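Asks: Numbering (the working numbering), first residue to last: 4 to 398.
As structure tokens, then:
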């Protein structure tokens, strides 16, 4: 887990110790890790290390308490969009898919203990401390936009080692949901406080909303003697997921959700050109950027919603293999035996679906920056050990 986070964090960390953040939206004009040879080398070395570690784990004797259902769903969701893409994936994507499949098999071979997810908030809190200290000492390298109008702390739109403040905010918000997995109360309080302060410093509104909903969920769970955590969690997660699916298809003013409604509407028009197979997994990054008219709204490289993004890239078939993964994660969370794990995982799913309504937070390839807080957590949930789940609720 720590290696996976390091793979997507260290290259940008190196970059933004040498290059100042620039709040220029078109990606071609902003600094990226790929611009620096040393950052490229760090990315390649990290990928090779993670692949080697994953391969070693795959070859080890596996945990006896495993379930083939979860790994099948994940492998299908990872590979099918590429196999059914209107265009063959470029050769550069082949090593990424190899790493993704090997990593999934490694998690499955270990038996994916849900308790191990506690290391996500622990690791992200270390990144947060680095970002906060850096924001005080080296603000021009740590702030995405010191003149931000949305800053909650004057002059602070903290991005830290990431290319955008929203990325740091989402890392902290989704990790915040998993704080109940930490056993020691003092560490829970310390790490939770660090993550919450960093969310505020990042000025990410979506992250702040997600964090507030998690806190509200924890408050509801204080009454678990009279309220079923499983029932309440299932209802709230279903509500959040339904909102994520439905909201982009409503008739919104183009300026709604800070312009995201315009991106949704244009993305839907693009998807309608190939509703079954989509436009290709790399459409936003390649084809969209080559067209001046499309690039005006697609420059961000995403549909700003998980469902819209999936439909544009891989169509209804892509959505058809994604939905079972989401359902499996909810079912696995319902079946958890330990209350603290159920509270943490339901909170994560709520926060994730809320964030995925307006942000690009989904990734199944380990080399993508958001993988540790999205695809990796879902992988652990759907491939969790059967011993972690009650007998009547196994997948």
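Here a beta-carbon is modelled for each residue, glycine too, at the ideal position from N, C-alpha and C.
Keep in mind that this is a model prediction, so the values were computed, not measured.
Excluding the 5 residues preceding and the 5 following residue 311 in the sequence, name in chain order all residues of the same chain whose CB lies nearer than 6 Å to its CB.
Replies: As a working mapping, residue 311 is identified with position 308 in the chain shown. Excluding sequence neighbours, residue 311 sits near 251, 267, 270.
Asks: Buried or exposed: residue 412, going by 16 or more other Cβ atoms within 10 Å of its Cβ?
Replies: Residue 412 is absent from the model: the chain starts at 4 and stops at 398.
Asks: Just the Cα atoms here: how many angstroms apart are residue 325 and residue 140?
Replies: On the chain shown, position 322 is the one that residue 325 refers to. On the chain shown, position 137 is the one that residue 140 refers to. Each residue's alpha carbon lies about 43 Å from the other.
Asks: Mind checking which residues open and close the alpha helix (DSSP H) that includes residue 220?
Replies: As a working note, residue 220 is residue 217 in the chain shown. Taken as a continuous stretch (DSSP letters only), the alpha helix (DSSP H) holding residue 220 covers 208-224.
Asks: Please report how far the alpha carbon of residue 2 lies from the alpha carbon of residue 46, in whole angstroms.
Replies: Nothing in the structure corresponds to residue 2, since the chain is present only between 4 and 398.
Asks: Which of the three DSSP states, helix, strand or coil, is assigned to residue 159?
Replies: Start at 1 with the first residue of the chain shown, and residue 159 comes out as number 156. DSSP places residue 159 in strand when its eight states are reduced to three.
Asks: Nearest to residue 361 by CA position, among 248, 49, 162, 274, is which residue?
Replies: For the purposes of this step, residue 361 is taken as the residue at position 358 of the chain shown. Closest option to residue 361, Cα to Cα, is 248.
Asks: Please name the residue in 341, 322, 337, 346 whose C-alpha comes closest to that of residue 365.
Replies: Residue mapping note: residue 365 aligns to position 362 of the chain shown, counting from 1. The shortest Cα separation from residue 365 among 341, 322, 337, 346 belongs to 322.
Asks: Which whole-angstrom value is the C-beta distance of residue 170 and residue 112, which I expect to be below 8 Å?
Replies: Counting from 1 along the chain shown, the entry for residue 170 is found at position 167. Counting from 1 along the chain shown, the entry for residue 112 is found at position 109. Contact doesn't hold; Cβ gap of about 30 Å is too wide.
Asks: Is it true that the CB of residue 122 sits closer than 9 Å to the CB of residue 4?
Replies: In the chain shown, the residue the question calls residue 4 occupies position 1. In the chain shown, the residue the question calls residue 122 occupies position 119. Yes.
Asks: Return the CA-CA distance between residue 44 and residue 226, expressed in angstroms with no decimal places.
Replies: Indexing the chain shown from 1 puts residue 44 at position 41. Indexing the chain shown from 1 puts residue 226 at position 223. Straight-line measurement puts the Cα of residue 226 at about 51 Å from the Cα of residue 44.
Asks: Rounded to whole angstroms, what's the CA-CA distance from residue 220 to residue 101? Just pull it up for me.
Replies: On the chain shown, position 217 is the one that residue 220 refers to. On the chain shown, position 98 is the one that residue 101 refers to. Their Cα atoms are separated by approximately 38 Å.
Asks: Just checking, does the segment 142-162 make contact with the segment 374-387 on the three C-beta pairs under 8 Å criterion?
Replies: no
Asks: Just how far apart, CA to CA, sit residue 332 and residue 194?
Replies: For the purposes of this step, residue 332 is taken as residue 329 along the chain shown, with counting starting at 1. For the purposes of this step, residue 194 is taken as residue 191 along the chain shown, with counting starting at 1. In a straight line, the C-alpha of residue 332 is about 25 Å away from that of residue 194.
Asks: Quick one, are the C-beta atoms of residue 180 and residue 351 less than 9 Å apart?
Replies: By 1-based counting over the chain shown, the position of residue 180 is 177. By 1-based counting over the chain shown, the position of residue 351 is 348. Yes; because the gap between Cβ atoms is below 9 Å, this pair is in contact.
Asks: So, with DSSP's three-state summary, where would you put residue 146?
Replies: Translated into the one-based positions of the chain shown, residue 146 becomes position 143. Three-state result, residue 146: strand.
Asks: Give me the Cβ distance between residue 115 and residue 387, rounded to the nearest whole Å; I'm assuming they're in contact under 8 Å.
Replies: On the chain shown, position 112 is the one that residue 115 refers to. On the chain shown, position 384 is the one that residue 387 refers to. Residue 115 to residue 387, Cβ: 5 Å. Contact.
Asks: What's the gap between the Cα of residue 159 and the Cα of residue 299?
Replies: Residue mapping note: residue 159 aligns to position 156 of the chain shown, counting from 1. Residue mapping note: residue 299 aligns to position 296 of the chain shown, counting from 1. Computed Cα separation, rounded: 28 Å.
Asks: For residue 287, tell me which candidate among 125, 161, 370, 305 has the shortest Cα-Cα distance.
Replies: As a working mapping, residue 287 is identified with position 284 in the chain shown. Here the closest residue by C-alpha is 305.
Asks: Does residue 339 come out as helix, strand or coil in the three-state DSSP assignment?
Replies: What you label residue 339 is simply residue 336 of the chain shown in a count that begins at 1. Looking at residue 339 - three-state DSSP - the assignment turns out to be strand.
Asks: When you compare each of 172, 277, 135 to residue 363 by their alpha carbons, which one comes out closest?
Replies: The count along the chain shown starts at 1 and reaches residue 363 at position 360. The candidate whose alpha carbon is nearest that of residue 363 is 172.
Asks: Just the Cα atoms here: how many angstroms apart are residue 104 and residue 273?
Replies: Residue 104 sits at position 101 when you count from the first residue of the chain shown. Residue 273 sits at position 270 when you count from the first residue of the chain shown. For residue 104 and residue 273, the distance between alpha carbons rounds to 30 Å.
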